[in-house]
Structures are given as C-alpha cells and as structure tokens.
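Using the numbering used here, the first residue of the sequence shown is number 331, and each one after it goes up by one. We treat Cβ as the ideally placed atom computed from N, Cα and C, and that holds for glycine.
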Amino acid sequence: MSFEPPRGMDDLLPEEFAVKQRIVDVIREIYRLYGYEEVETPTLEYLELFEAKSGEEIRHRMFVFDDPHGRKLVLRPEVTASVARLVASKLSRRPLPLRLGYIADCYRYDEPQWGRRRRFWQGGLELFGSRDPMSDAEIILASRDVFQRLGLVEQRFKIGHVGIMRGIMDNVEQKTQDIILSLIDRKMFTEARQLMEQHLDKDAVETLWRLAEHRGGLEVVERARDMVSPWPKAMQSLENLETIVSLIMNVDPNISIEVDLGFARGLEYYTGMIFEQKLEGEQLSFNGGGRYDGLVELFGGKPTPAVGCSIGITRIQMHLLGRKTQTTPFPQQSFSQYYRTKRHPTLCL
Numbered sequence: 331m332s333f334e335p336p337r338g339m340d341d342l343l344p345e346e347f348a349v350k351q352r353i354v355d356v357i358r359e360i361y362r363l364y365g366y367e368e369v370e371t372p373t374l375e376y377l378e379l380f381e382a383k384s385g386e387e388i389r390h391r392m393f394v395f396d397d398p399h400g401r402k403l404v405l406r407p408e409v410t411a412s413v414a415r416l417v418a419s420k421l422s423r424r425p426l427p428l429r430l431g432y433i434a435d436c437y438r439y440d441e442p443q444w445g446r447r448r449r450f451w452q453g454g455l456e457l458f459g460s461r462d463p464m465s466d467a468e469i470i471l472a473s474r475d476v477f478q479r480l481g482l483v484e485q486r487f488k489i490g491h492v493g494i495m496r497g498i499m500d501n502v503e504q505k506t507q508d509i510i511l512s513l514i515d516r517k518m519f520t521e522a523r524q525l526m527e528q529h530l531d532k533d534a535v536e537t538l539w540r541l542a543e544h545r546g547g548l549e550v551v552e553r554a555r556d557m558v559s560p561w562p563k564a565m566q567s568l569e570n571l572e573t574i575v576s577l578i579m580n581v582d583p584n585i586s587i588e589v590d591l592g593f594a595r596g597l598e599y600y601t602g603m604i605f606e607q608k609l610e611g612e613q614l615s616f617n618g619g620g621r622y623d624g625l626v627e628l629f630g631g632k633p634t635p636a637v638g639c640s641i642g643i644t645r646i647q648m649h650l651l652g653r654k655t656q657t658t659p660f661p662q663q664s665f666s667q668y669y670r671t672k673r674h675p676t677l678c679l
C-alpha cells in the first residue's frame, strides 16, 4: 500500500509554499491596482459546464465521476467557464464592466512532467461587459505587471485573433471550425489541412495556410490585408488585432510582442484576440487567454462581451524554484513579540 499522493499531485514543502504564496500575493496586488474583485467557485462542477465549450483536448483530460444520484461531476480543468456561469447567474444584476479575479486549483489528466501537473494552480483576471479594445490591452498589460513584479522581465507575448481564421471559414459550421482550430493548436497540420479541403474552397484553404507564415511585428498585419480582404469578417478581426497591439505598444513601447496570424488556442469559447505569455528559454507558456464574447450567454445570461487570462501559478513556481530565485520570507516573530506589537503596541515604547 502506498501513502504517497496521487501521481502528478504534489505536496508543497515550506520553501515551495513560500514561492507559491509570493506569486499569489503579487497577483492580488495587481487585482487591487486594476480594480479586480476576487471570487471563488467550487472545485467540483457538473460536467455539462465544461462539455459546452472547453475544447476537445481538455474534454479528454478531465477527471469525471458520478455522484450518488448518477449525475456526472468533474474536477474543474479550468476556471473561466465557472466564473462566466457566476456572472450569468448570481452576478447578473451587477453593473458592467465587471472585473473579477480568482486563485484556484485545477485538475487535468496530463502525463506528469516539468510544467505539467495533474493538480495545478491558476490566477485569473476576467473583464466582463466591454468590447473596447482597451479591455483586451488591459489584460495583457496587467499580465505584464504580474511578471515584472516577480522579477520575470525576460517575458514575451504571442498575440493572434481567432476571428481572422473563423472569418475565412464563415460558411463552415461552428463545430467544424472548432475542430480545425483545435488541430492547428495541437500542431496537427496535416489533419487540419485535410479537413479544410473537405469544407472550404481552394482560395480559402490556401489563405489559411499562408496565414501561418505571418509572424512578427505589426508589419505582418499590413502584409495580410490584401490576403484576407475577400472575407469582411476576417478583415474586421485583422483591424481589431492591429488596434489592440497598437494600444499596448503606446503604453509600453518596449514590450515584446510577436503577432502570429496562424495562432490558435484549444479552448472553443474564444471569439477574438488570443494570447500566450512566455519566458526566455522556456518552451511552455506561463499565461494565456483571450476574448470570449459568447460564454455568459451560453450559460443562460444576457449577451456579455468578456476577455481574460489564466496565469499559471504552478508553472511559474516551478520556474522560480528551478532557477533558485530567492523570495523574501515573512519576518519570524515569537508569540510574545506579536502580542506586544499587535495587542499592546505601547509596550514597545
């Protein structure tokens, strides 16, 4: 019999917990600076919440089981859907825009390795009720601030817009679009192209294929204009992406941004700008998010535009511990010292 924790679910030793807590403290500092209110949702949710729009890859990696009455429950694989459910129900009368944050553990049946655990922590920022491109920019700038305060200055962003590819596939049913984007996200390009050729004309397929080659600064937007001009929705999305990146760079001209027009993320609920945040020398992303304007309505709420991100607390913690970054410990006090300073401060005079 083994009394170890399940594979991929870790105990934290005091020094490891101190690093994790420092990350959480910094995220909460950013909540206060940007006006985000923290919420909490259950670790257990009904399966239907995540079956709706979480994406094929996540659906296959969920911990699912039956309650005593036979209803399917799931250990949450991510938190955005839960917060959107909250906005659609208990927070439906709150004035908009509404800025919400969360610190939560999530569960996915991944193969445990560096940066991938079956239980992991995320810190999220979710902004509901605004279509303004400055809201998209706010999420990225707040993410930048979290990493800077942690001393992670060698950060870079990859930014795209799912509306560009969806605009080119506008005549294809939503489910097929989702599958194609999921295949692209998982780098299954041969399968993605085969599916494109079944549902799109030759011009659309070639345009989607060429978009993947467009990566760089804002100049890639200019190069892509003629390419996507036959598809008005794709053109509108391209211009929206240009506006968002311009707003970010007006605030921080030195921010490292790569515009990637062939970029896709696995979650099906994204409708607009998407991004990932990486660190120099690391292949995995440490933060990701984007715009999801239809999710609140999907869960029974009124139409509510939204944009947000999920910062990988566990992955950042592993990175900081791996490079042996020193965290500032809390000062140690005996009970008698605490009593004198907090309960009877005059005793210290």
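For Q443, DSSP records a beta bridge to R446.
Taking 3 residues as the shortest admissible run, the region 548-620 contains the following complete beta strand (DSSP E) segments, listed from N- to C-terminal end: 587-590, 603-609.
Membership of D475 in the alpha helix (DSSP H) is indicated by the continuous run 463-479.
D556 has its alpha-carbon roughly 45 Å from the corresponding atom of P442. Judged by DSSP secondary structure, F380 falls within the alpha helix (DSSP H) whose first and last residues are 377-381.
Taking the Cα positions, E569 is about 20 Å away from G624.
A534 sits in a helix when the DSSP states are folded into three classes. The alpha-carbon separation between F593 and L538 amounts to approximately 11 Å. Collapsing the DSSP output to three states places K488 in a strand.
Using a Cβ-Cβ distance cut-off of 8 Å, the region 643-652 and the region 342-352 are in contact, since at least three pairs of beta carbons, one from each stretch, lie closer than that value.
In this structure, G602 lies near D466, with their beta-carbon atoms less than 9 Å apart. One alpha carbon belongs to I469, the other to V575, and they sit about 12 Å apart. Inter-residue distance for I489 and K608 is about 11 Å (C-alpha atoms, whole angstroms). Nearest in C-alpha terms to E588, of all of V551, E612, K563, L597, is V551. Scanning Y622, R523, V535, E334 for the CA closest to the CA of A414 turns up Y622.
By the Cβ criterion, the region 422-441 is in contact with the region 365-380, since at least three pairs of Cβ atoms, one from each stretch, lie closer than 8 Å. Only residues of its own chain outside the window of five on either side were considered, and among them L426, P427, P635, V637 have a CB closer than 8 Å to the CB of S460, listed in chain order.
The three-state reading of DSSP puts A348 in helix, counting H, G and I together.
Within the DSSP secondary-structure output, D396 pairs in a beta bridge with K402. Counting the other CB atoms within 10 Å of its CB gives R423 a total below 16, which places it among the exposed residues. Pairing T573 with P398 gives a Cβ-Cβ distance that is not under 9 Å.
By the neighbour-count criterion, in which a residue is buried when 16 or more other Cβ atoms sit within 10 angstroms of its Cβ, G454 is buried. DSSP, read as helix, strand or coil, puts D508 in helix.
A check of alpha carbon separations from E627 across L405, A418, R406 identifies A418 as the nearest.
Spatial neighbours of S559 in its own chain (CB-CB distance under 8 Å, excluding positions within 5 residues in sequence) are listed in chain order as M565. Here D533 is exposed: its Cβ has fewer than 16 other Cβ atoms, across all protein chains shown, within 10 Å. Residue pairing by DSSP puts S640 in a beta bridge opposite G454, G618.
The continuous alpha helix (DSSP H) containing A522 extends over residues 519-529.
DSSP places L628 within a helical segment (H, G or I) once states are collapsed to three. Distance from the Cα of E368 is smallest, within the candidate group L480, Q452, L405, for Q452. The C-beta separation of V502 from H529 comes to about 5 Å, placing the pair in contact by the 8 Å criterion. Y432 has G454 as its beta-bridge partners, per DSSP. E367 is bridged by DSSP to L430. Residue state for G459 is assigned as coil, using DSSP reduced to three classes. Of S412, G652, Y361, the smallest CA-CA separation from D475 is found for Y361.
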